[in-house]
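Report on the following structure.
Numbering (the numbering used here), first residue to last: 160 to 487.
Structure representation (C-alpha cells):
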C-alpha cells in the first residue's frame, strides 16, 4: 500500500526532523550492492549511500574502482557463472542495478540474486514509453510489464541492435522481473537527466557548439516537450528508493516540461552573445532532446509515496551552467 504524502517544512524537511527525502538511519546499517554506478548519477548514489553509513559493494567489470569505503567485486554481469563466483556467499538488503539493458541480463540477475536480496531496484527509463504517443503525462500503468512480450532470442548482444532498441530492452528487462518475481523489486523509470560537469552525453554541448558557430539546431516540424530530472535529484531519488518498501514501476521526473527551445535558451545564456537558430525538418535526423512525440511522465505515484521533486524550469539554468561553464 502506498504511504500518505508526508508534510514538509519550507526547508524541505519532514515534520519529524528527517532530512529531505531521507529516512532515519540510526542503528540501521544496510548491505547495498550497486551493479555499475561508475559514472554520473550512479557515482552520486554510491556517495550518498556511503555518507549514510551503509555498507556498499560495487560490482563492475573492473573498468574503474569504486570510491574509498566501498567493496569492489569484478565480474561480467553477462557471465552467470562468473557473477555467482564473484558474489560467493554474499547477500544484500538491497541491490541497485544501474546497467541492466536487456531481458537476458534481467533473467541472469533474477536467477543469481534469488535468495540473495530483500529488494531489487532496477534503473529503467522514460524510453519504455516510446510507443505511448500521448498528449497527457504518461502514468506507470500505461506500460504494464506483465503485458510486455519477452523475446530472449533477439540479438541483444549486438551493440548496434541494442543501441537502436534501448527502450525495448529496458521494457523487456522490466517484464522479466515482473513475470516471475524472485524478490520484491521496483523499476525506476528515469526521465532525461541533465546537469553536472560530468554529463557524458554531449547533448547540451551539441546545442552550444551550434550556437557558437551560428549554425541552426534541427528540430521536428512539431517539436514536443518532455520531462527531465537533475542529476543530483535522480541520485536523491534512487537513494530514497533504497530505503522504501513499495514495488513496481515508478516514474522519476521533475515537475514541468521543457522544449528544445527552453534548453537552447538556457545554453545560449552561457555562450557569449549566444542566440539559437532553429531549422525545422519533416523527416530525417534531428537534434538530441527534440521529439516528434510527447515525452512527459506523470510523477504522481512517487509524490504520493513521499518524494519531493523540484521544478525543471527552476534548475535548468543551473544545469546548463554546471555542464557548460559560465562562459563557453
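Glycine included, every Cβ here is placed at the ideal spot set by N, Cα and C. Quick caveat: nothing in here was measured; it's all calculated off a predicted structure.
message: Could you pull the DSSP bridge partners for residue 283 from this structure?
response: 348
query: Can you tell me whether residue 339 is buried or exposed, with buried defined as 16 or more other CB within 10 angstroms of its CB?
result: exposed
message: In the DSSP output, which residue or residues are listed as bridge partners for residue 383?
response: 450
- prompt: In its own chain, which residues sit with a C-beta less than 6 angstroms from the C-beta of residue 255, not counting the 5 before and 5 after it?
  reply: 193, 280
task: For residue 431, count neighbouring Cβ atoms within 10 angstroms of its own Cβ and tell me buried if that reaches 16, exposed if not.
output: Within 10 angstroms of the beta-carbon of residue 431 lie fewer than 16 other beta-carbons, which makes it exposed.
field: Of the residues 457, 475, 226, the one placed nearest residue 296, counting alpha carbons only
entry: 457
message: Can you list, in chain order, the residues of its chain with a C-beta nearer than 6 angstroms to that of residue 278? Leave out the 5 residues immediately preceding and following it.
response: Scanning its chain for C-beta atoms nearer than 6 angstroms, with the 5 sequence neighbours on each side dropped, one finds around residue 278 the residues 253, 343, in chain order.
message: Measuring alpha carbon to alpha carbon, tell me which residue in 483, 315, 245 is nearest residue 359.
response: 483
task: Spatial neighbours of residue 406 within its chain, please: CB distance less than 7 angstroms, with the 5 preceding and 5 following residues excluded, ordered by chain position.
output: 343, 344, 345
query: In whole angstroms, what separates the C-alpha of residue 304 from that of residue 226?
result: Their Cα atoms are separated by approximately 34 angstroms.
query: Alpha carbon to alpha carbon, how far is residue 214 from residue 374?
result: 50 angstroms
query: Cβ of residue 385 within 8 angstroms of Cβ of residue 416?
result: yes
message: Run through the DSSP bridge pairs and tell me what residue 192 is partnered with.
response: 216, 254
query: For the candidate residues 326, 399, 361, 333, whose alpha-carbon lies nearest to that of residue 289?
result: 326
- prompt: What does DSSP give as the partner residues of residue 408 in its beta bridges?
  reply: 346
- prompt: With 16 other CB atoms within 10 Å as the buried threshold, where does residue 207 fall?
  reply: So residue 207 ends up on the buried side.
message: Taking only three categories from DSSP, how would you classify residue 483?
response: helix
query: DSSP state of residue 438, grouped into three classes?
result: DSSP, reduced to helix, strand and coil, places residue 438 within a strand of the structure shown.
Cβ contact check for the segment 347-358 and the segment 307-319: 3 or more pairs under 8 angstroms: Between the segment 347-358 and the segment 307-319 there are fewer than three inter-stretch CB-CB distances shorter than 8 angstroms, so the stretches are not counted as touching.
- prompt: Under the three-state reduction of DSSP, which class applies to residue 462: helix, strand or coil?
  reply: helix
- prompt: Three-state secondary structure (DSSP) at residue 187?
  reply: coil
- prompt: Span of the beta strand (DSSP E) holding residue 230?
  reply: 230-233
query: With 16 other CB atoms within 10 Å as the buried threshold, where does residue 372 fall?
result: exposed
query: Within this structure, are the beta carbons of residue 233 and residue 220 separated by less than 8 angstroms?
result: yes
- request: Give the range of the alpha helix (DSSP H) segment to which residue 325 is assigned.
  value: 325-338
query: When you compare only the Cα positions, how much space is there between residue 274 and residue 268?
result: 11 angstroms
query: Residues in its own chain within less than 6 angstroms of residue 251 by CB, not counting five upstream and five downstream?
result: 190, 192, 276
Residue 180 - DSSP class collapsed to helix/strand/coil: For residue 180, the predicted model reports a pLDDT of 44, less than 50, meaning its position is unreliable; a value from the coordinates is still stated below. Residue 180: coil per DSSP, three-state reduction.
task: State yes or no: is the beta carbon of residue 433 nearer than 8 angstroms to at least one beta carbon in chain C?
output: Structure shown: chain C not included; a single protein chain is present.
field: Exposure label - residue 347; buried when at least 16 CB within 10 Å
entry: With 16 or more Cβ atoms within 10 Å of its Cβ, residue 347 is classed as buried.
field: C-beta contact flag for residue 329 and residue 284 at 8 angstroms
entry: yes
N- and C-terminal bounds of the alpha helix (DSSP H) containing residue 259: Residue 259 -> no alpha helix (DSSP H), and no H or E assigned at all.
query: Pick from 292, 238, 337: whose alpha carbon is nearest that of residue 307?
result: Comparing Cα positions, the closest option is 337.
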